[in-house]
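Heads up: the sequence lines are chains A and B, in that order.
Numbering-wise (full-length UniProt numbering), the first sequence opens with residue 1 and increments by one.
Numbering-wise (full-length UniProt numbering), the second sequence opens with residue 1 and increments by one.
Following: one structure in structure tokens, then a few remarks.
There are 2 protein chains.
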Amino acid sequence: MPSLSSGLLGDLDPTSDRAVFRQIADQLREAIDRGRFKEGEKLPSEAELVDHYGVSRMTVRNSFSVLQGEGLVHAEHGKGVFVRPRPPVRRLASDRFARRHREQGKSAFTVEAEAAGSHPQVDSLEVKEEKASQDVSARLGSVRRVLARRRRYLLDGRPVEFATSYLPLDIARGTPIAEPNPGPGGIYARLEELGHRLDHFEEEIRARMPSPGEVRTLRLASGVPVIHLIRTAYDSEGRAVEVCDTVMAADAYVLSYQLPAT
Amino acid sequence: MPSLSSGLLGDLDPTSDRAVFRQIADQLREAIDRGRFKEGEKLPSEAELVDHYGVSRMTVRNSFSVLQGEGLVHAEHGKGVFVRPRPPVRRLASDRFARRHREQGKSAFTVEAEAAGSHPQVDSLEVKEEKASQDVSARLGSVRRVLARRRRYLLDGRPVEFATSYLPLDIARGTPIAEPNPGPGGIYARLEELGHRLDHFEEEIRARMPSPGEVRTLRLASGVPVIHLIRTAYDSEGRAVEVCDTVMAADAYVLSYQLPAT
DNA sequence: CACGCTTACTCGTATAGACGAGTGGGCAAG
DNA sequence: CTTGCCCACTCGTCTATACGAGTAAGCGTG
Numbered sequence: 001m002p003s004l005s006s007g008l009l010g011d012l013d014p015t016s017d018r019a020v021f022r023q024i025a026d027q028l029r030e031a032i033d034r035g036r037f038k039e040g041e042k043l044p045s046e047a048e049l050v051d052h053y054g055v056s057r058m059t060v061r062n063s064f065s066v067l068q069g070e071g072l073v074h075a076e077h078g079k080g081v082f083v084r085p086r087p088p089v090r091r092l093a094s095d096r097f098a099r100r101h102r103e104q105g106k107s108a109f110t111v112e113a114e115a116a117g118s119h120p121q122v123d124s125l126e127v128k129e130e131k132a133s134q135d136v137s138a139r140l141g142s143v144r145r146v147l148a149r150r151r152r153y154l155l156d157g158r159p160v161e162f163a164t165s166y167l168p169l170d171i172a173r174g175t176p177i178a179e180p181n182p183g184p185g186g187i188y189a190r191l192e193e194l195g196h197r198l199d200h201f202e203e204e205i206r207a208r209m210p211s212p213g214e215v216r217t218l219r220l221a222s223g224v225p226v227i228h229l230i231r232t233a234y235d236s237e238g239r240a241v242e243v244c245d246t247v248m249a250a251d252a253y254v255l256s257y258q259l260p261a262t
Numbered sequence: 001m002p003s004l005s006s007g008l009l010g011d012l013d014p015t016s017d018r019a020v021f022r023q024i025a026d027q028l029r030e031a032i033d034r035g036r037f038k039e040g041e042k043l044p045s046e047a048e049l050v051d052h053y054g055v056s057r058m059t060v061r062n063s064f065s066v067l068q069g070e071g072l073v074h075a076e077h078g079k080g081v082f083v084r085p086r087p088p089v090r091r092l093a094s095d096r097f098a099r100r101h102r103e104q105g106k107s108a109f110t111v112e113a114e115a116a117g118s119h120p121q122v123d124s125l126e127v128k129e130e131k132a133s134q135d136v137s138a139r140l141g142s143v144r145r146v147l148a149r150r151r152r153y154l155l156d157g158r159p160v161e162f163a164t165s166y167l168p169l170d171i172a173r174g175t176p177i178a179e180p181n182p183g184p185g186g187i188y189a190r191l192e193e194l195g196h197r198l199d200h201f202e203e204e205i206r207a208r209m210p211s212p213g214e215v216r217t218l219r220l221a222s223g224v225p226v227i228h229l230i231r232t233a234y235d236s237e238g239r240a241v242e243v244c245d246t247v248m249a250a251d252a253y254v255l256s257y258q259l260p261a262t
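What follows is the structure in structure tokens.
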């Protein structure tokens, strides 16, 4: 095994007032940034770093936890600590709901993912009527109950997005929208067939750390935030006809918007 | 001092295979969610929790570090651990660069913040020519050097955003754009005066954990991600005339976009 | 009254040790 | 050769202890 003294990592500065575990984290971070440890590569084990720096194990673990919080590394029980690989990113363009993209039988997610050479998958579909949350009710214009469509999207087996659509019952009940599979073009195509010509969307974007439940459903590594997107669809009469609440693994997405300068 | 046995926190389940520090974190998280501990309020001290649960201090600290990673609490040396208050949020609407908002003498940031009753502030302004990064060069169409305008925005004394604008030298050099204060309406007004009629913007949005440098300049609490926004401005001839790279404290922003359904 | 010191309480850093549990390779038995 | 066990190595959890350093309030001194 190659010794750590081979130069990858330096020494501690005992005169520095920077905490030892921070100095170690700094050195590891720099080594990662410089590409000395590449994506997916294993870092030195805790024991090796204990030997190299002459500190206690908890100190080394403390360093790792700093880097984990930054989303730089992740630990695997029984294997080691690894540089977190940057997954393929899904680009969401602002024209992704344009009518011209609504022709095919497959969902936008599926089409786009296959074009990018990934294996898409949709699961945990749940469609049911329920009480509207205060926020959803406000966005939809004071409706009491709604149809909720929940689904999770996976890319190459990895969950990347969890979304729930809420629709007023007077629009959705008894229509294909209330079916698990709403048919080609998705619920937006069905809405237009039902006479609700879509006029525009409004999207609100936040970023935050995930709740424990979100960590579970999206199988998030520590140090990965989520993008929380809330889209409201309005028809040509100005009525809100759908609210879609989406939580995305932030490391899997880039959102892209085109804005007029007028 | 009120005893912790007053019911705020429960007991541990020794039969559970959930780690003790996770159980403690769960109980604290639930108490926070239920509002038993309010925003800004102090949680029980480490010593109190040690007594209450009968565990060692490191175990309690481990619980706190979980909650810190979730952005729920923050520790203050010598004082205690507090529920992290949700700061006032700045809303960025997609029409914020419309020409009609470009009339006044003050910057959009200043106008908007004062309207919201906050005290805005802009500092660390740096304007200089420099070598374009590979990414900026690609976005601007293979320029070698650029004018960089760096500034930091504060709201009520708290840094919330750090932005750098990059402009091709052939456009910006020797113009008011190269001055620390470009004048009323900002650099977009100057660009239009110089004959570059703005046509549209493209914005790319990512979310991630901050680098150590970003933690410093934005004075970020741990567990707060950043929103990374890269805007490219195009003139009516289709030329990219500015790239603006912005890093925002995610807990201080909601981005809002209006999309046509066409 | 005002100032400065002491003191108690807070979290921060670090050590040393123990046991548990997941992983994977090697080796021995069948 | 295959199967299954063992073992070495990995990280996960927890304890107990020690000292440092920031904070705030009280108390005594001038």
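Yeah, the Cβ is synthetic: ideal placement off N, Cα and C, and Gly gets one too.
DSSP lists A:E161 and A:I227 as the bridge partner or partners of M248 (chain A).
It is roughly 6 Å from the alpha-carbon of V83 (chain B) to the alpha-carbon of E41 (chain B). Per DSSP, E204 (chain B) is one residue of the beta strand (DSSP E) stretching across L198 to R208. Assignment of T262 (chain A) by DSSP, reduced to helix, strand and coil, places it in the coil class.
Non-local beta-carbon contacts of I230 (chain B) in its own chain, meaning distances under 6 Å to residues more than five positions away in sequence, involve E204 and D245 in chain order. Annotation: V50 (chain B) to D26 (chain B) spans about 16 Å, alpha carbon to alpha carbon.
Assignment of alpha helix (DSSP H) within the stretch 34-97 of chain B, counting only whole runs of 4 or more residues, yields 46-53 and 57-69 in chain order.
In this model, R158 (chain B) and Q68 (chain B) are separated by some 20 Å (Cα to Cα). Contact of H196 (chain B) with chain A is not assigned, every C-beta pair being separated by 7 Å or more.
Counting along the chain, no alpha helix (DSSP H) covers P176 (chain B), and no H or E run does either. For the stretch 204-223 of chain B, the set of residues with a beta-carbon nearer than 7 Å to any beta-carbon of chain A comprises E204, I205, R206, A207, R208, M209, S222 and G223, in chain order. Put simply, of A:E70, A:G174, A:E193 and A:A221 the residue whose alpha carbon is nearest the alpha carbon of R22 (chain A) is A:E70. In chain order, R139, E202, A240 and V243 place their CB closer than 6 Å to the CB of T232 (chain B), counting only its own chain and leaving out the 5 sequence neighbours on each side. Within the model, the alpha-carbon separation for E192 (chain B) versus L198 (chain B) is close to 7 Å. According to DSSP, residue pairing for Y166 (chain B) in a beta bridge involves B:A148 and B:V243.
Against chain A, the CB of Y166 (chain B) has no partner CB under 7 Å away; the residue lies outside that interface. Nearest to R99 (chain A) by alpha-carbon distance, out of A:A178, A:A189, A:H77 and A:S236, is A:A189. Judged by pairs of C-beta atoms under 8 Å, the stretch 172-188 of chain A does not touch the stretch 205-218 of chain A, as fewer than three such pairs exist.
Proximity of chain A to G69 (chain B) at the Cβ level (cut-off 9 Å) is accounted for by S65, Q68, G69, M209, S222 and G223, in chain order. At a cut-off of 7 Å between C-beta atoms, P176 (chain B) does not count as an interface residue with respect to chain A. Here E39 (chain B) is near P85 (chain B), since their CB atoms are less than 7 Å apart. Cβ atoms of V146 (chain B) and Y153 (chain B) stay farther apart than 8 Å, at about 21 Å.
Under a 10 Å Cβ-count criterion, S65 (chain A) is classified as buried, with 16 or more other Cβ atoms of the shown protein chains found around its own Cβ.
If you check the CB distance, A221 (chain A) and H77 (chain A) do not come in under 7 Å. Taking the Cβ atoms as the reference, P120 (chain A) lies roughly 27 Å from M209 (chain B), outside the contact range of under 8 Å. Against chain A, the CB of Q258 (chain B) has a partner CB under 7 Å away; the residue lies at that interface. Neighbourhood of A250 (chain B) in chain A, by CB distance below 8 Å: R206, A207, R208 and P225, in chain order.
Among the residues facing chain A, D11 (chain B) is not included, as its CB has no counterpart in that chain under 7 Å away.
Looking from the CA of G10 (chain B), the closest CA among B:Y234, B:Y53 and B:E48 belongs to B:Y53. Inclusion of A19 (chain A) and I227 (chain B) in the CB contact set at 7 Å is not warranted, their separation being larger than that value. Taking all protein chains shown into account, G223 (chain A) has 16 or more neighbouring C-beta atoms within 10 Å of its C-beta and is therefore buried. By the criterion of a C-beta distance shorter than 8 Å, A47 (chain A) is surrounded in its chain by R57, once the five residues flanking it on both sides are discounted.
Chain-ordered, the chain A residues with CB closer than 7 Å to the CB of D199 (chain B) read A261. Annotation: the continuous beta strand (DSSP E) that includes S124 (chain B) extends over P120 to K131. Taking CB atoms only, L92 (chain B) has no neighbour in chain A less than 7 Å away.
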